[in-house]
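Written below as C-alpha cells is the structure these notes are about.
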Amino acid sequence: MIDIEAHSLSALDKEKIAHPNTGALILFARNYDNPRQVADLIKQIRAARKGDILIAVDQEGGRVQRFQNGFTRLPAAALYAEQPELAEAAGWLMASELLAVDVDFSFAPVLDVDCGVSEIIGNRSFSQNAKLAAELAGAFRQGMRSAGMAATGKHFPGHGAVALDSHLTLPVDERDLETIRRQDLLPFKQLIAQGLEAIMPAHVAYPQVDRYPAGFSSFWLQTILRGELGFDGAIFSDDLSMEGAASIGDFTERAGLAQQAGCDMLLVCNNSAAAEQVLDKLPISQNSKREQRLQAMRGKCQLDKDALAKNDKWQTISKQITEFYEAHA
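Those letters in the sequence shown? Residues 1 to 329, per UniProt numbering, in order.
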C-alpha cells in the first residue's frame, strides 16, 4: 500500500500505481479538497492501475479524519460512551460517505483500550473500560458493515498502555502476556468473534512477550492472533516508514520481516523513495488465501455521492452526528 503527494497524479505516481507489487493506495488530507475532487482522483488511480486496487483512508473521527470539507465531522471515539446509540449510526455514516466517493475502507475502528497515558491514542479509544470499548467498537463496526464497508481493528495487541508515539519512536510496553490478555485483547477477541475483516498491528515492543514489535512478530500475529484468537482476516502492517519500525532495519528488511511474520499488506507511506525500494526489491509470491482476505476489503457502494445527499437516512444521521460533534467541539 503506497500513497501519493497531491490532488492529482504525477507521471511517477502512475508508474508506481501500475507496479505489479502495488495492491492498495492510502489517501491523506493533502490529497483531499472536496468530495467531487477526491472521487475524480480515485477514478484516475483506478485507471492508472488497470486492474484491482484497494483505496483506503484514516477516517476515524475526532483528531483523525482526513476528509473534512463536504463530509460530516465525526466525534472522537471516546465520546460515544455518553450516547452509545450513536456509535452504530456514526459507523454507518462514515462508511456511507466514503463508499459514495469510491473509497473501499477506512482504517477503523480503534480497538486500543485507553490506559490514560497515551497521547497518541487517548480519546481515539472508545473507553478505558475494555468491555465498554469492545461494545462501542462493535456497534461502530456493525454500522460500517451495514453500509457495505469492511472494518480494520487497530492497533493489535494494544497501543493504549504506552506514552510514546510510534510515529516518532518505538514505544515499549513492559507488561506480561497475561496482563495484556486480560485487558487489551478483549476488544480484538470480541470483534473477531463478530467477523472482523482486518487487523493492523502496533509498532510497539512487548519485551516480556517477544523480541520483535508486534507487527514484525510471528508470535503475536501467528501464535496469538491467528492461533489463539482464531482470526482469519487480512493483516495490514502499520506504516513501515514510522520510527517505531526503524529498529528492524532498512525498508526492504522491515517489509520482509513484516511479510514473514504474517502481514498480508505492507504500508509504505510518506516516503516515496522507500516505497519504490520496497516495490522493486521485495518479492511477492502468489497467495490465493491472501488475495481472498484482501478481496473481502473491497467496498460495496450502495449510494453515489449525489444520491447520498438526497437520502433520508443520511440526512437524519448526519444531522444527529453533527449536533453531537458540535456540542463537544
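All C-beta atoms in this analysis are idealised placements derived from N, C-alpha and C, irrespective of residue type, glycine included.
Taken atom to atom, the span from the alpha-carbon of V162 to that of Y206 is near 10 Å. Inclusion of H167 and M242 in the CB contact set at 8 Å is warranted, their separation being smaller than that value.
Secondary structure in the stretch 151-235: the beta strand (DSSP E) runs of 3 residues or longer, each lying completely within the stretch, are 152-156, 198-201 in chain order. Taking the Cβ atoms as the reference, A76 lies roughly 6 Å from G61, within the contact range of under 8 Å.
Listed in chain order, the alpha helix (DSSP H) elements of length 4 or more contained wholly in the stretch 241-272 are 251-261. By the 16-neighbour rule on beta-carbons within 10 angstroms, G249 is exposed.
Where G61 is concerned, the enclosing beta strand (DSSP E) starts and stops at 59-61. Taking 8 Å as the cut-off, the beta carbon of L186 is found no closer than this to the beta carbon of A139.
L93: member of the alpha helix (DSSP H) spanning 85-99, first to last residue. Inter-residue distance for Y80 and P283 is about 43 Å (C-alpha atoms, whole angstroms). Secondary-structure assignment with DSSP links Q65 through a beta bridge to Q59. Its chain contains I17, T22, G23, A24, L25, I45, R46 as the residues whose beta carbon lies nearer than 8 Å to that of I53, once the 5 sequence neighbours on both sides are disregarded; these appear in chain order.
DSSP lists no bridge partner for L74. The residues D210, A261, in chain order, have a CB closer than 7 Å to that of S217 in the same chain once the five nearest residues on each side in sequence are set aside. Taking C-beta atoms as the reference points, S125 and D58 fail to come closer than 8 Å. Within its own chain, the residues whose Cβ lies closer than 6 Å to the Cβ of N69, once the five positions on either side in sequence are excluded, are N34, listed in chain order. Short of 8 Å from the beta carbon of A89, and not among the five residues preceding or following it, lie these beta carbons of its own chain, in chain order: G143, I317, Q320, I321. Secondary structure of L9 (DSSP, three-state): coil. In the three-state reduction of the DSSP assignment, F105 falls in the strand class. For R290, the closest C-alpha among the options A234, A87, R73 is that of A234. Residue burial annotation: Q183 is buried, with at least 16 other C-beta atoms found within 10 angstroms of its C-beta.
Taking a contact to require three or more Cβ pairs closer than 8 Å, the stretch 168-177 and the stretch 186-197 do not qualify as touching. Here DSSP, grouped into helix, strand and coil, assigns V278 to helix. For L25, the enclosing beta strand (DSSP E) starts and ends at 24-27. Take I120, set aside five residues on each side of it, and the residues of its chain with a beta-carbon closer than 6 Å to its own are D165, in chain order. Straight across, the Cα-Cα distance linking D40 with P213 is about 38 Å.
Distances from the alpha-carbon of L177 to those of L225, V278, L12, R141 put L225 closest. The beta-carbon separation of S237 and C263, rounded to 4 Å, stays under the 8 Å limit for a contact. S285 is classed as exposed because its beta carbon has fewer than 16 other beta carbons within 10 Å across all chains shown. Distance between G230 and F67, taken at the CA atoms: about 34 Å.
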